[in-house]
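Report on one structure; see the data block that follows.
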Amino acid sequence: MKPKVYIETTIPSYLAARPTRDLIVAAHQEITRLWWLEQRDKFNLFISRLVINEAGSGDREASKERLRLLHGIAELEVSDEVASLAELLIARSAVPPRAVTDAAHIAVAAVHAMDFLMTWNCNHLANAMMATQIRQVCDDAGYKCPVICTPEELLEE
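The sequence shown: position 148 = 221 (our numbering), numbered continuously.
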């Protein structure tokens with residue numbers, strides 16, 4: 074059985090973004106493209122309405138491309154159970170109060186038993202300083218926290 078990956082909004086955003094001169098962002102874009110082209114078929118991909126809503130906002134042409142990239146990916150329900158876990162992540166200070174959507178992404182992935190949550194959001198998601206507390210809150214609530222990682226961490230040779 075293929076591992077399950079929840080695709081957070083930064084992934085289609087990097088895929089659809091125009092090339093940049095910022096070396097770090099350009100490297101992230103290239104790694105994301107490489108993973109998308111060469112690795113994604115090794116995983117079962119999932120998104121949520123949160124991802125669709127975020128991807129559909131902003132520049133019209135870019136949002137159209139982001140939504141095109143997401144077309145056909147299975148959508149997970151954002152249930153009351155998800156909302157409760159997201160609230161708990163914030164209440165227990167695992168995620169800052171201003172990062173409600175980030176807490177919801179974690180909750181969707183945990184409630185639906187994803188193996189990985191893939192993101193380039195290293196402020197509130199793929200952040201080693203926050204990982205232990207995020208895992209602890211999920212565990213205490215009875216959920217297995219997915220591995221929160223960047224595409225680079227899911228590249229295989």
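All C-beta atoms, glycine included, are put in the ideal place defined by N, C-alpha and C.
Item                                                                                                              : Value
Proximity below 8 Å, CB of Lys115 to CB of Asp188                                                                 : no
Glu81 vs Leu198 beta-carbon contact at 8 Å                                                                        : yes
Own chain partners of Leu266 with C-beta closer than 6 Å, once the 5 adjacent residues on each side are dropped   : Nothing in the structure corresponds to residue 266, since the chain is present only between 74 and 230.
Three-state secondary structure assigned by DSSP to Glu265                                                        : With the chain running from 74 to 230 in the structure shown, residue 265 is simply not present.
Terminal residues of the beta strand (DSSP E) in which Leu149 lies                                                : 147-149
Neighbourhood of Ala135 by C-beta, 6 Å cutoff - its chain only, sequence neighbours within 5 removed              : Ala89
Beta carbon of Leu143 nearer than 8 Å to that of Ile125                                                           : yes
Exposed unless 16 or more other CB atoms sit within 10 angstroms - verdict on Met74                               : exposed
Inter-residue CB distance, Glu154 and Val184 (contact presumed, cutoff 8 Å)                                       : 5 Å
Straight-line gap, Ala176 to Glu160 (C-alpha atoms, nearest Å)                                                    : 8 Å
Alpha helix (DSSP H) segment containing Leu142, residue limits                                                    : 133-143
Contact check, Arg122 vs Val168, beta carbons under 8 Å                                                           : no
Contact belief for Leu227 with Met191 at Cβ below 8 Å, rounded distance in angstroms                              : 6 Å
Spatial neighbours of Ala147 in its chain, beta-carbon cut-off 6 Å, leaving aside the 5 residues before and after : Phe119
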